[in-house]
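Chains as they are written, first to last, in our numbering: chain D, 1 to 307; chain R, 308 to 616.
We put the beta carbon where it would ideally sit given N, CA and C, even for glycine.
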């Protein structure tokens with residue numbers, strides 16, 4: 001069955017590899033090249049300037065400001081999102097009342113809950129941004145959140161949200177959490193469903209409370225999935241471009257309070273035409289992302305439990 | 308609220324007469340712990356379901372209100388159904404054009420991704436040849452590249468494309484979408500083809516079918532469940548894509564839906580037609596909503612497949 005094997009292999013691989021090479025691999029390589037030039041976009045005018053762009057980046061308060069915001073989100077958003085995701089998934093799978101013959105059951109309607117929770121995951125980030133822009137409307141009577149707080153007599157909590165320098169970044173982080181919790185509920189539910197029921201039953205018979213079973217059984221057995229989820233969510237927290245671009249006051253405001261690395265890169269490249277400098281930001285983002293992923297994998301590693 | 312009421316609110320509890328389930332368990336301490344937990348879990352789950360569901364429903368009911376109503380009374384239900392919002396969105400706000408643009412681009416790129424991705428994956432999964440591992444890892448590595456780092460060089464790859472510029476063209480965007488969907492598609496489909504039995508393909512070959520024919524007539528039908536999952540994954544990802552068109556498709560008559568919506572939203576102001584914006588968001592969401600409602604299980608398992616491995 002060797003006849004035409006290599007012709008077939010080449011025929012099937014050539015086009016996918018060509019497209020992938022031209023539009024993904026070659027830009028990846030070029031990004032490093034461009035980052036060492038002062039290119040402004042005109043053909044043939046790029047001047048090699050070594051690591052000057054990186055030196056400039058190191059000195060740039062604007063970039064550090066943006067990076068700091070990404071790091072804040074990196075510290076908070078995955079933690080909150082995964083904690084809520086785990087909590088809801090546990091509720092869905094183990095929170096149900098006792099039925100005949102079954103000690104551990106999920107709550108009724110778990111499919112419905114998953115349908116709703118997961119929904120933000122399938123709609124466009126621009127739609128999510130527009131919705132939350134309206135929720136955070138600063139007007140005390142017209143804003144959705146503010147008027148809701150007013151209706152409950154919580155006028156003291158009313159705020160200008162995205163217009164408030166100390167709050168704006170956290171308002172945007174909350175939207176990220178809101179949008180991604182459902183993904184982790186579904187992910188962790190699938191992983192929890194594969195844990196044998198008798199482990200829970202044995203623990204419950206031995207007198208463990210359900211909260212103990214969560215920390216002693218569920219969490220250790222899900223650790224691999226949690227770790228992967230952490231990396232996924234961290235990469236999302238290192239982005240935040242679309243939300244900031246559409247929701248924040250004056251793109252990254254008020255007064256730079258919500259600026260993030262990808263927004264810096266985008267404006268530097270496509271508004272200011274400093275492509276060399278922007279490419280250096282891209283390389284810096286790659287380094288930050290890789291460092292985060294490697295550190296997470298390294299420090300979160302636990303002995304794998306087979307079951 | 309009692310549990311029964313909460314279940315009624317979520318309209319999900321299988322229709323069982325109230326109290327029956329409660330009588331099933333003996334009244335020991337353990338059961339009451341389960342009962343308390345059950346009320347508690349439902350309470351919390353309902354709160355989160357409302358937090359997620361209400362903003363989405365708000366878009367639906369706002370799509371029938373006039374701009375003034377949306378701005379001054381965001382929580383109010385529409386008093387008169389303003390159907391004209393939908394026509395305004397489709398015609399005046401150009402959502403119709405953006406919808407067609409998106410459909411053309413995503414239609415082309417989903418088909419292209421599926422065909423090219425499964426071809427490459429099949430060869431990588433089933434044939435041994437020098438460089439197989441290298442090519443596989445080359446594809447898989449693409450999953451970890453931050454797209455932001457690539458957009459600047461990518462912009463110039465398209466601008467300076469031999470022949471004519473690919474910026475703001477359907478085929479340019481289609482090629483880029485295919486290229487950026489290949490890593491996960493190849494990764495997923497390679498794993499899938501490896502799980503399929505080899506005997507059927509071998510039988511077909513013995514009967515004289517060529518490799519190509521074996522692939523299209525034997526392997527592709529066998530791989531249908533995997534193709535559906537990854538197809539939905541790619542459809543959703545490409546339909547909602549925002550960054551790539553923003554950079555590579557900066558010409559208003561070629562805008563896709565996400566760009567059109569962002570443009571309207573960024574021109575915020577009271578002269579804006581908010582009713583049309585809400586109707587436009589519904590128009591953009593509708594295909595996704597349909598796919599998600601029909602294929603809930605496949606969508607959820609498809610989108611989480613990458614993280615579960």
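Check: Three-state secondary structure assigned by DSSP to residue 152(D); Outcome: coil
Check: Local Cβ density within 10 Å of residue 111(D), reported as buried at 16 or more and exposed below that; Outcome: exposed
Check: C-alpha gap between residue 113(D) and residue 363(R), whole angstroms; Outcome: 15 Å
Check: Residue range of the alpha helix (DSSP H) that includes residue 295(D); Outcome: 275-299
Check: Outcome for residue 622(R) when other beta-carbon atoms lying within 10 angstroms are tallied against a minimum of 16; Outcome: Residue 622(R) falls outside the range modelled here, since chain R spans only 308 to 616, and no answer is possible.
Check: Local Cβ density within 10 Å of residue 554(R), reported as buried at 16 or more and exposed below that; Outcome: buried
Check: According to DSSP, residues forming a beta bridge with residue 542(R); Outcome: Note: residue 542(R) sits in no beta bridge, so no partner.
Check: Residue nearest to residue 131(D) in terms of C-alpha spacing, selected from 446(R), 563(R) and 588(R); Outcome: 588(R)
Check: Range of the contiguous alpha helix (DSSP H) that encloses residue 469(R); Outcome: Element bounds for residue 469(R): n/a, residue is neither H nor E.
Check: Closest residue to residue 671(R) among 558(R), 572(R), 570(R) and 496(R) (Cα-Cα distance); Outcome: It is not possible to answer for residue 671(R), since the shown part of chain R is limited to 308 through 616.
Check: Contacts that residue 424(R) makes with chain D (C-beta to C-beta distance below 9 Å); Outcome: 16
Check: For residue 37(D), the residue or residues it bridges with in DSSP; Outcome: 48(D)
Check: Residue 187(D) burial status per 10 Å Cβ neighbour count (16 or more: buried); Outcome: buried
Check: Residue 255(D) to residue 165(D) span [Cα, whole Å]; Outcome: 7 Å
Check: Neighbour flag for residue 467(R) against chain D, beta carbons, 8 Å; Outcome: yes
Check: CB contact below 8 Å: residue 485(R) versus chain D; Outcome: yes
Check: Proximity below 8 Å, CB of residue 484(R) to CB of residue 411(R); Outcome: no
Check: Proximity of residue 19(D) and residue 423(R) at Cβ, strictly below 8 Å; Outcome: yes
Check: Endpoints, alpha helix (DSSP H) assigned at residue 481(R); Outcome: 477-502
Check: Where residue 26(D) meets chain R, residues with beta-carbon distance less than 8 Å; Outcome: 460 and 464
Check: DSSP-derived helix/strand/coil call for residue 451(R); Outcome: helix
Check: Straight-line Cα distance separating residue 184(D) from residue 86(D); Outcome: 7 Å
Check: Per-residue contacts from residue 603(R) into chain D (C-beta, under 9 Å); Outcome: 111, 114, 115 and 118
Check: The region 256-268 of chain D touching the region 240-247 of chain D, judged by at least three CB pairs closer than 8 Å; Outcome: yes
Check: Residue nearest to residue 435(R) in terms of C-alpha spacing, selected from 30(D), 237(D), 5(D) and 148(D); Outcome: 5(D)
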